[in-house]
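Student: So that we are looking at the same thing, I have put the structure below in C-alpha coordinates.
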Amino acid sequence: MPKQKRIGLIYNYNEGWIGGTYYVENIVHALKQLDKEYQPKVFVYTNIKKTFLKLKEATNYPYLHYRSLYSHHCFWGRVINKISLHLFKCTLLHYKPTNEDLDFIYPNAKNNHFSNLSRDKRIDWIPDFQDIHLPNFFTQKELVKRKNWQTEISTKSCQIVFSSKDALNDFENLYPKSLVKKYVIPFAVSNTGLEVSKDVVNKILEKFKIKRPFFYIPNQLWVHKNHITVLRAISKIDNPDLEFIFSGKEEDYRVPDYPQKLKETVFDLKIEDRARFLGFISKQELNVLVNVSIAIIQPSLFEGWSTTIEEAKCYNKFIIASDINVHKEQLSNYPNKAFFKAQSEDDLKDKILESDYQTHTYDYHADILKFAQSIVNL
93 MPKQKRIGLI YNYNEGWIGG TYYVENIVHA LKQLDKEYQP KVFVYTNIKK TFLKLKEATN
153 YPYLHYRSLY SHHCFWGRVI NKISLHLFKC TLLHYKPTNE DLDFIYPNAK NNHFSNLSRD
213 KRIDWIPDFQ DIHLPNFFTQ KELVKRKNWQ TEISTKSCQI VFSSKDALND FENLYPKSLV
273 KKYVIPFAVS NTGLEVSKDV VNKILEKFKI KRPFFYIPNQ LWVHKNHITV LRAISKIDNP
333 DLEFIFSGKE EDYRVPDYPQ KLKETVFDLK IEDRARFLGF ISKQELNVLV NVSIAIIQPS
393 LFEGWSTTIE EAKCYNKFII ASDINVHKEQ LSNYPNKAFF KAQSEDDLKD KILESDYQTH
453 TYDYHADILK FAQSIVNL
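According to the working numbering, numbering within the sequence shown proceeds without interruption in unit steps and concludes at 470.
Below you can see the structure in the form of C-alpha coordinates.
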(Lines of atoms letter the chains of each structure in order from A and count residues from 1; the text may use other names and numbers.)
(Lines give C-alpha, C1' and ligand atoms only; values in the text may rest on other atoms or scores of the structure.)
Protein backbone atom coordinates (compact mmCIF):
# COMPACT_ATOMS: atom_id res chain seq x y z
CA MET A 1 0.00 0.00 0.00
CA PRO A 2 1.47 3.42 -0.97
CA LYS A 3 2.36 5.95 1.71
CA GLN A 4 -0.52 8.34 2.21
CA LYS A 5 0.33 11.79 0.88
CA ARG A 6 -0.34 14.97 2.85
CA ILE A 7 -1.68 17.88 0.82
CA GLY A 8 -2.47 21.39 2.02
CA LEU A 9 -5.22 23.41 0.29
CA ILE A 10 -5.82 27.12 0.83
CA TYR A 11 -9.56 27.68 0.79
CA ASN A 12 -11.93 30.57 1.36
CA TYR A 13 -15.52 31.12 0.32
CA ASN A 14 -15.70 34.13 -2.00
CA GLU A 15 -18.85 34.95 -3.96
CA GLY A 16 -16.89 37.74 -5.67
CA TRP A 17 -14.92 35.04 -7.48
CA ILE A 18 -16.95 31.92 -6.93
CA GLY A 19 -14.94 30.08 -9.58
CA GLY A 20 -11.90 30.16 -7.29
CA THR A 21 -13.96 28.75 -4.43
CA TYR A 22 -15.44 26.00 -6.57
CA TYR A 23 -11.96 25.17 -7.90
CA VAL A 24 -10.72 24.04 -4.48
CA GLU A 25 -14.03 22.31 -3.68
CA ASN A 26 -13.74 20.34 -6.91
CA ILE A 27 -10.23 19.20 -6.00
CA VAL A 28 -11.59 17.60 -2.83
CA HIS A 29 -14.56 16.08 -4.67
CA ALA A 30 -12.22 14.64 -7.30
CA LEU A 31 -9.81 13.14 -4.75
CA LYS A 32 -12.72 11.24 -3.25
CA GLN A 33 -13.15 9.38 -6.55
CA LEU A 34 -9.71 7.79 -6.24
CA ASP A 35 -9.31 4.30 -4.82
CA LYS A 36 -9.12 4.44 -1.03
CA GLU A 37 -5.41 3.61 -0.83
CA TYR A 38 -4.54 6.59 -3.07
CA GLN A 39 -6.65 9.20 -1.30
CA PRO A 40 -4.34 11.72 0.41
CA LYS A 41 -4.81 13.47 3.72
CA VAL A 42 -6.02 16.98 2.94
CA PHE A 43 -5.33 19.85 5.34
CA VAL A 44 -7.62 22.78 4.61
CA TYR A 45 -6.15 26.16 5.55
CA THR A 46 -8.87 28.76 5.98
CA ASN A 47 -9.72 31.80 8.08
CA ILE A 48 -13.05 30.56 9.39
CA LYS A 49 -13.75 27.07 10.72
CA LYS A 50 -17.38 27.35 9.61
CA THR A 51 -16.11 27.50 6.01
CA PHE A 52 -14.18 24.28 6.53
CA LEU A 53 -17.19 22.54 8.10
CA LYS A 54 -19.34 23.41 5.08
CA LEU A 55 -16.68 21.97 2.78
CA LYS A 56 -16.49 18.81 4.90
CA GLU A 57 -20.26 18.39 4.81
CA ALA A 58 -20.46 19.03 1.06
CA THR A 59 -17.67 16.61 0.12
CA ASN A 60 -17.79 14.00 2.90
CA TYR A 61 -14.12 13.37 2.19
CA PRO A 62 -12.75 10.90 4.80
CA TYR A 63 -9.31 12.50 5.26
CA LEU A 64 -10.17 16.19 5.56
CA HIS A 65 -8.56 18.20 8.38
CA TYR A 66 -8.97 21.80 9.51
CA ARG A 67 -6.05 24.18 9.82
CA SER A 68 -6.49 27.83 10.75
CA LEU A 69 -4.62 30.59 8.98
CA TYR A 70 -4.83 32.35 12.32
CA SER A 71 -3.34 31.03 15.53
CA HIS A 72 -4.80 29.98 18.87
CA HIS A 73 -2.56 31.34 21.59
CA CYS A 74 -2.73 32.44 25.17
CA PHE A 75 -4.38 35.74 26.02
CA TRP A 76 -1.30 37.87 25.23
CA GLY A 77 -0.69 35.99 22.02
CA ARG A 78 -4.23 36.73 20.89
CA VAL A 79 -3.78 40.39 21.84
CA ILE A 80 -0.57 40.63 19.78
CA ASN A 81 -2.28 39.03 16.78
CA LYS A 82 -5.32 41.29 17.07
CA ILE A 83 -3.14 44.41 17.15
CA SER A 84 -0.90 43.23 14.28
CA LEU A 85 -3.94 42.31 12.20
CA HIS A 86 -5.35 45.80 12.70
CA LEU A 87 -2.06 47.62 12.02
CA PHE A 88 -0.38 45.40 9.42
CA LYS A 89 -3.26 43.29 8.03
CA CYS A 90 -1.53 40.07 9.12
CA THR A 91 -0.96 38.02 12.28
CA LEU A 92 2.51 37.80 13.79
CA LEU A 93 2.10 34.61 15.80
CA HIS A 94 0.87 31.38 14.27
CA TYR A 95 1.79 27.79 13.75
CA LYS A 96 3.79 27.29 10.59
CA PRO A 97 3.69 23.94 8.77
CA THR A 98 7.04 22.35 7.97
CA ASN A 99 8.33 20.05 5.25
CA GLU A 100 7.51 17.09 7.48
CA ASP A 101 3.89 18.21 7.81
CA LEU A 102 3.03 18.50 4.11
CA ASP A 103 4.10 17.13 0.76
CA PHE A 104 2.92 20.40 -0.79
CA ILE A 105 0.57 23.36 -0.29
CA TYR A 106 -1.65 24.68 -3.09
CA PRO A 107 -2.59 27.10 -4.57
CA ASN A 108 -0.47 30.24 -4.23
CA ALA A 109 0.91 30.01 -0.69
CA LYS A 110 2.45 33.48 -0.56
CA ASN A 111 1.94 34.64 2.99
CA ASN A 112 4.25 34.28 5.97
CA HIS A 113 2.19 31.42 7.37
CA PHE A 114 3.98 28.99 5.02
CA SER A 115 7.52 30.38 5.24
CA ASN A 116 8.77 27.22 7.00
CA LEU A 117 7.93 25.15 3.93
CA SER A 118 10.64 24.89 1.30
CA ARG A 119 9.78 26.78 -1.89
CA ASP A 120 9.44 23.63 -3.98
CA LYS A 121 6.52 22.56 -1.76
CA ARG A 122 4.57 25.76 -2.35
CA ILE A 123 2.92 25.28 -5.74
CA ASP A 124 1.43 28.24 -7.57
CA TRP A 125 -1.58 28.42 -9.86
CA ILE A 126 -2.14 30.94 -12.65
CA PRO A 127 -5.68 30.45 -13.97
CA ASP A 128 -5.38 32.93 -16.86
CA PHE A 129 -3.87 36.10 -18.33
CA GLN A 130 -7.06 38.07 -18.87
CA ASP A 131 -5.20 41.31 -18.15
CA ILE A 132 -2.95 40.72 -21.16
CA HIS A 133 -5.82 40.05 -23.58
CA LEU A 134 -8.42 42.47 -22.20
CA PRO A 135 -6.44 45.27 -20.50
CA ASN A 136 -9.30 47.73 -21.01
CA PHE A 137 -11.28 45.85 -18.34
CA PHE A 138 -8.68 46.68 -15.65
CA THR A 139 -7.45 49.83 -13.96
CA GLN A 140 -3.81 50.79 -14.37
CA LYS A 141 -3.22 49.91 -10.71
CA GLU A 142 -4.67 46.42 -11.23
CA LEU A 143 -2.58 45.86 -14.35
CA VAL A 144 0.60 46.76 -12.48
CA LYS A 145 -0.35 44.55 -9.52
CA ARG A 146 -1.09 41.54 -11.72
CA LYS A 147 2.08 42.06 -13.75
CA ASN A 148 4.20 42.25 -10.59
CA TRP A 149 2.58 39.07 -9.25
CA GLN A 150 3.16 37.18 -12.50
CA THR A 151 6.76 38.36 -12.70
CA GLU A 152 7.43 37.27 -9.12
CA ILE A 153 6.00 33.83 -9.80
CA SER A 154 8.00 33.48 -13.03
CA THR A 155 11.27 34.20 -11.19
CA LYS A 156 10.75 32.82 -7.67
CA SER A 157 8.39 29.87 -8.03
CA CYS A 158 9.55 26.31 -8.43
CA GLN A 159 6.32 24.91 -9.88
CA ILE A 160 3.29 26.50 -11.55
CA VAL A 161 -0.01 24.89 -12.53
CA PHE A 162 -2.02 26.22 -15.47
CA SER A 163 -5.58 25.15 -16.16
CA SER A 164 -5.14 25.23 -19.94
CA LYS A 165 -2.52 24.98 -22.66
CA ASP A 166 -3.74 28.39 -23.76
CA ALA A 167 -2.65 29.92 -20.42
CA LEU A 168 0.67 28.04 -20.56
CA ASN A 169 1.33 29.44 -24.05
CA ASP A 170 0.68 32.96 -22.75
CA PHE A 171 3.13 32.42 -19.90
CA GLU A 172 5.87 31.09 -22.17
CA ASN A 173 5.43 34.02 -24.56
CA LEU A 174 5.55 36.53 -21.71
CA TYR A 175 8.34 34.89 -19.67
CA PRO A 176 10.46 32.83 -22.10
CA LYS A 177 13.47 32.78 -19.76
CA SER A 178 11.60 31.43 -16.74
CA LEU A 179 13.08 28.19 -15.38
CA VAL A 180 9.99 27.23 -13.39
CA LYS A 181 8.48 23.75 -13.81
CA LYS A 182 5.16 24.05 -15.61
CA TYR A 183 2.13 21.75 -15.52
CA VAL A 184 -1.20 21.92 -17.34
CA ILE A 185 -3.98 20.46 -15.19
CA PRO A 186 -7.49 21.11 -16.54
CA PHE A 187 -9.97 20.90 -13.70
CA ALA A 188 -13.19 18.90 -13.64
CA VAL A 189 -16.25 19.61 -11.53
CA SER A 190 -17.99 17.27 -9.14
CA ASN A 191 -20.82 15.13 -10.44
CA THR A 192 -21.89 14.07 -6.95
CA GLY A 193 -25.52 14.71 -6.18
CA LEU A 194 -26.63 14.69 -9.80
CA GLU A 195 -29.70 12.70 -8.93
CA VAL A 196 -32.32 15.06 -7.55
CA SER A 197 -35.92 14.11 -6.92
CA LYS A 198 -38.61 15.35 -9.27
CA ASP A 199 -40.22 17.19 -6.35
CA VAL A 200 -37.01 19.17 -5.75
CA VAL A 201 -36.73 19.99 -9.44
CA ASN A 202 -40.33 21.19 -9.55
CA LYS A 203 -39.89 23.32 -6.43
CA ILE A 204 -36.83 25.03 -7.92
CA LEU A 205 -38.59 25.69 -11.24
CA GLU A 206 -41.59 27.01 -9.35
CA LYS A 207 -39.37 29.22 -7.17
CA PHE A 208 -37.92 30.89 -10.25
CA LYS A 209 -41.25 30.87 -12.15
CA ILE A 210 -39.77 28.90 -15.05
CA LYS A 211 -42.60 27.43 -17.12
CA ARG A 212 -41.16 27.31 -20.65
CA PRO A 213 -38.22 25.50 -22.30
CA PHE A 214 -35.14 27.61 -21.60
CA PHE A 215 -31.50 28.20 -22.42
CA TYR A 216 -29.27 28.74 -19.40
CA ILE A 217 -26.40 31.25 -19.05
CA PRO A 218 -24.80 30.75 -15.58
CA ASN A 219 -22.08 33.41 -15.49
CA GLN A 220 -21.30 36.17 -13.03
CA LEU A 221 -22.30 39.55 -14.43
CA TRP A 222 -18.79 40.65 -15.33
CA VAL A 223 -18.32 42.67 -18.48
CA HIS A 224 -15.97 40.16 -20.15
CA LYS A 225 -18.60 37.42 -19.81
CA ASN A 226 -20.28 39.04 -22.83
CA HIS A 227 -23.94 38.82 -21.77
CA ILE A 228 -24.73 41.71 -24.11
CA THR A 229 -24.23 39.55 -27.20
CA VAL A 230 -26.73 37.01 -25.87
CA LEU A 231 -29.32 39.73 -25.21
CA ARG A 232 -28.95 41.10 -28.73
CA ALA A 233 -29.26 37.60 -30.18
CA ILE A 234 -32.46 37.02 -28.18
CA SER A 235 -33.96 40.19 -29.65
CA LYS A 236 -33.54 38.69 -33.13
CA ILE A 237 -35.24 35.38 -32.28
CA ASP A 238 -38.97 35.46 -32.96
CA ASN A 239 -40.09 32.61 -30.74
CA PRO A 240 -42.17 33.49 -27.65
CA ASP A 241 -42.01 29.88 -26.42
CA LEU A 242 -38.29 30.10 -25.59
CA GLU A 243 -36.88 31.63 -22.43
CA PHE A 244 -33.32 32.63 -21.56
CA ILE A 245 -32.32 32.38 -17.91
CA PHE A 246 -29.24 34.14 -16.51
CA SER A 247 -27.79 33.55 -13.04
CA GLY A 248 -24.69 34.70 -11.22
CA LYS A 249 -23.41 37.36 -8.84
CA GLU A 250 -24.70 40.71 -10.06
CA GLU A 251 -21.58 42.71 -9.37
CA ASP A 252 -18.53 43.85 -11.34
CA TYR A 253 -16.12 45.98 -9.30
CA ARG A 254 -14.42 47.14 -12.51
CA VAL A 255 -17.65 48.41 -14.09
CA PRO A 256 -20.04 48.92 -11.15
CA ASP A 257 -23.03 49.93 -13.26
CA TYR A 258 -22.68 47.06 -15.76
CA PRO A 259 -25.30 44.72 -14.19
CA GLN A 260 -27.87 47.53 -14.14
CA LYS A 261 -27.09 48.44 -17.75
CA LEU A 262 -27.68 44.83 -18.78
CA LYS A 263 -31.11 44.89 -17.17
CA GLU A 264 -31.89 48.20 -18.85
CA THR A 265 -30.85 46.66 -22.17
CA VAL A 266 -33.43 43.90 -21.65
CA PHE A 267 -36.18 46.56 -21.61
CA ASP A 268 -34.63 48.60 -24.42
CA LEU A 269 -34.67 45.49 -26.64
CA LYS A 270 -38.20 44.62 -25.48
CA ILE A 271 -37.27 41.07 -24.45
CA GLU A 272 -38.26 41.24 -20.76
CA ASP A 273 -40.79 38.45 -21.38
CA ARG A 274 -37.99 36.08 -22.50
CA ALA A 275 -34.80 37.12 -20.67
CA ARG A 276 -34.56 36.99 -16.88
CA PHE A 277 -31.79 37.43 -14.31
CA LEU A 278 -31.98 35.32 -11.14
CA GLY A 279 -28.94 36.70 -9.30
CA PHE A 280 -26.66 34.46 -7.23
CA ILE A 281 -28.27 31.07 -6.60
CA SER A 282 -27.27 27.98 -4.64
CA LYS A 283 -25.15 25.19 -6.12
CA GLN A 284 -28.09 22.76 -6.02
CA GLU A 285 -30.31 25.24 -7.83
CA LEU A 286 -27.62 25.83 -10.42
CA ASN A 287 -27.17 22.08 -10.99
CA VAL A 288 -30.90 21.58 -11.48
CA LEU A 289 -31.16 24.42 -14.00
CA VAL A 290 -28.17 23.10 -15.93
CA ASN A 291 -29.73 19.65 -16.05
CA VAL A 292 -33.22 20.64 -17.21
CA SER A 293 -32.23 23.38 -19.67
CA ILE A 294 -32.31 22.93 -23.46
CA ALA A 295 -28.65 23.88 -23.62
CA ILE A 296 -25.97 25.98 -21.94
CA ILE A 297 -24.75 29.18 -23.59
CA GLN A 298 -21.21 30.28 -22.69
CA PRO A 299 -20.57 33.61 -24.48
CA SER A 300 -17.45 34.73 -22.58
CA LEU A 301 -14.74 36.76 -24.31
CA PHE A 302 -12.06 35.24 -22.09
CA GLU A 303 -11.63 32.29 -19.74
CA GLY A 304 -8.82 30.41 -18.06
CA TRP A 305 -10.84 27.18 -18.02
CA SER A 306 -14.59 27.66 -17.89
CA THR A 307 -16.45 26.26 -14.87
CA THR A 308 -19.69 26.84 -16.79
CA ILE A 309 -18.56 24.52 -19.58
CA GLU A 310 -17.37 21.86 -17.13
CA GLU A 311 -20.73 21.90 -15.36
CA ALA A 312 -22.49 21.43 -18.69
CA LYS A 313 -20.15 18.58 -19.68
CA CYS A 314 -20.77 16.95 -16.32
CA TYR A 315 -24.49 16.71 -17.21
CA ASN A 316 -23.79 15.81 -20.85
CA LYS A 317 -25.59 18.97 -21.99
CA PHE A 318 -25.41 20.60 -25.39
CA ILE A 319 -23.14 23.68 -25.23
CA ILE A 320 -23.16 26.77 -27.44
CA ALA A 321 -19.84 28.50 -26.77
CA SER A 322 -17.97 31.51 -28.07
CA ASP A 323 -15.11 30.55 -30.37
CA ILE A 324 -12.24 31.66 -28.14
CA ASN A 325 -9.16 29.43 -28.00
CA VAL A 326 -9.68 28.04 -24.52
CA HIS A 327 -13.27 26.98 -25.30
CA LYS A 328 -12.05 25.10 -28.36
CA GLU A 329 -9.40 23.42 -26.21
CA GLN A 330 -11.88 22.61 -23.46
CA LEU A 331 -14.41 21.11 -25.87
CA SER A 332 -11.96 19.40 -28.24
CA ASN A 333 -13.05 15.88 -27.20
CA TYR A 334 -16.62 16.72 -26.25
CA PRO A 335 -19.20 15.88 -28.95
CA ASN A 336 -22.19 17.99 -27.90
CA LYS A 337 -21.27 21.53 -28.91
CA ALA A 338 -21.54 24.41 -31.35
CA PHE A 339 -19.31 27.49 -31.58
CA PHE A 340 -20.30 31.03 -32.53
CA LYS A 341 -18.22 34.09 -33.35
CA ALA A 342 -17.67 35.64 -29.93
CA GLN A 343 -19.15 39.09 -30.59
CA SER A 344 -21.65 38.24 -33.30
CA GLU A 345 -25.26 38.17 -32.14
CA ASP A 346 -26.29 37.06 -35.63
CA ASP A 347 -24.02 34.02 -35.52
CA LEU A 348 -25.24 33.16 -32.01
CA LYS A 349 -28.86 33.53 -33.13
CA ASP A 350 -28.20 31.14 -36.04
CA LYS A 351 -26.55 28.56 -33.76
CA ILE A 352 -29.49 28.73 -31.32
CA LEU A 353 -32.01 28.19 -34.13
CA GLU A 354 -30.05 25.70 -36.25
CA SER A 355 -28.56 23.31 -33.65
CA ASP A 356 -30.38 20.00 -33.26
CA TYR A 357 -29.43 19.56 -29.56
CA GLN A 358 -28.93 15.82 -29.90
CA THR A 359 -26.36 14.60 -27.38
CA HIS A 360 -23.93 11.69 -27.47
CA THR A 361 -22.65 9.93 -24.36
CA TYR A 362 -19.49 11.35 -22.82
CA ASP A 363 -17.49 9.72 -20.00
CA TYR A 364 -17.06 12.69 -17.69
CA HIS A 365 -16.06 10.51 -14.76
CA ALA A 366 -12.78 9.83 -16.58
CA ASP A 367 -12.07 13.58 -16.57
CA ILE A 368 -12.64 13.73 -12.81
CA LEU A 369 -10.25 10.83 -12.17
CA LYS A 370 -7.61 12.39 -14.41
CA PHE A 371 -7.91 15.69 -12.52
CA ALA A 372 -7.59 13.93 -9.14
CA GLN A 373 -4.58 11.89 -10.20
CA SER A 374 -2.85 14.97 -11.64
CA ILE A 375 -3.23 16.80 -8.32
CA VAL A 376 -1.81 13.83 -6.38
CA ASN A 377 1.07 13.54 -8.86
CA LEU A 378 2.20 17.07 -8.06
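Cβ atoms here follow ideal geometry from the backbone N, Cα and C, with glycine treated the same way.
1) What residues in its chain sit with their C-beta under 7 angstroms from that of E437, if we drop five residues either side in the sequence?
2) Quick one: measure Cβ to Cβ for A280 and I460, integer angstroms, because I've assumed they're closer than 8 angstroms.
3) Would you kindly check if the distance between the Cβ of V288 and the Cβ of V380 is under 7 angstroms?
4) What is the residue span of the beta strand (DSSP E) that S160 lies within?
5) Check for me: the beta strand (DSSP E) holding T138 runs from which residue to which?
6) What distance in whole Å lies between the Cβ atoms of G340 and L313, which are believed to be in contact at a cut-off of 8 angstroms?
7) Does the segment 128 to 145 come within contact of the segment 417 to 433, defined as at least 3 CB pairs closer than 8 angstroms?
8) What is the rounded straight-line gap between the Cα of Q450 and the Cα of F431?
9) What three-state label does DSSP hand L145 in the structure shown?
10) Tell me which same chain residues have a C-beta within less than 6 angstroms of the C-beta of Y222, skipping the five on either side of it?
11) Using only alpha-carbon positions, find the residue among K433, W397, N408, I302 that is nearest to K257.
12) Tell me the DSSP secondary structure of L101 in three-state form.
13) Please classify S414: is it buried, with 16 or more other beta-carbons within 10 angstroms of its beta-carbon, or exposed?
14) How would you label T400, buried or exposed, when you count the other beta carbons within 10 angstroms and need 16 or more for buried?
15) Would P199 be called buried (16 or more neighbouring beta carbons within 10 Å of its own) or exposed?
16) With DSSP collapsed to three states, give me the class of Y115.
17) Relative to the alpha-carbon of S207, which residue among K188, I215, I197 has its alpha-carbon at the smallest distance?
18) Out of R346, L445, L101, D291, point me to the one whose CA is closest to I215's CA.
19) How many angstroms separate the CA atom of L147 from the CA atom of Q125?
20) Mapping DSSP to helix, strand and coil, what is A464?
21) Pick helix, strand or coil for A434, following the three-state DSSP scheme.
22) Just the C-alpha distance for I296 and E149, rounded to the nearest angstrom, thanks.
23) Judging by CA-CA distance, which residue of I416, H316, R159 is the nearest neighbour of F229?
24) Identify whether W314 lies in helix, strand or coil by the three-state DSSP scheme.
25) So what's L470 in DSSP terms, helix, strand or just coil?
26) Where does I386 land, buried or exposed, given buried means 16+ other C-beta within 10 angstroms?
27) Rounded to whole angstroms, what is the Cα-Cα separation between D127 and Y454?
28) Can you find the residues in the same chain that come closer than 8 angstroms, C-beta to C-beta, to S466, ignoring five residues on each side of it along the sequence?
Tutor: If we stick to the structure as given:
1) T321, R324, A325, K328
2) 5 angstroms between Cβ atoms; contact.
3) yes
4) 156 to 160
5) 133 to 138
6) 6 angstroms
7) no
8) 15 angstroms
9) helix
10) One detail in the question is off: residue 222 reads as Gln in this sequence, not Tyr. F394, listed in sequence order.
11) W397
12) Taken through DSSP and simplified to helix, strand or coil, L101 comes out as strand.
13) buried
14) buried
15) Buried, since its Cβ has 16 or more Cβ neighbours within 10 Å.
16) helix
17) K188
18) L101
19) 16 angstroms
20) helix
21) coil
22) Approximately 22 angstroms between the Cα atoms of the pair.
23) H316
24) The answer is coil: DSSP assigns W314 none of H, G, I, E or B.
25) coil
26) buried
27) Going by C-alpha positions, D127 is about 22 angstroms away from Y454.
28) Y275, I277
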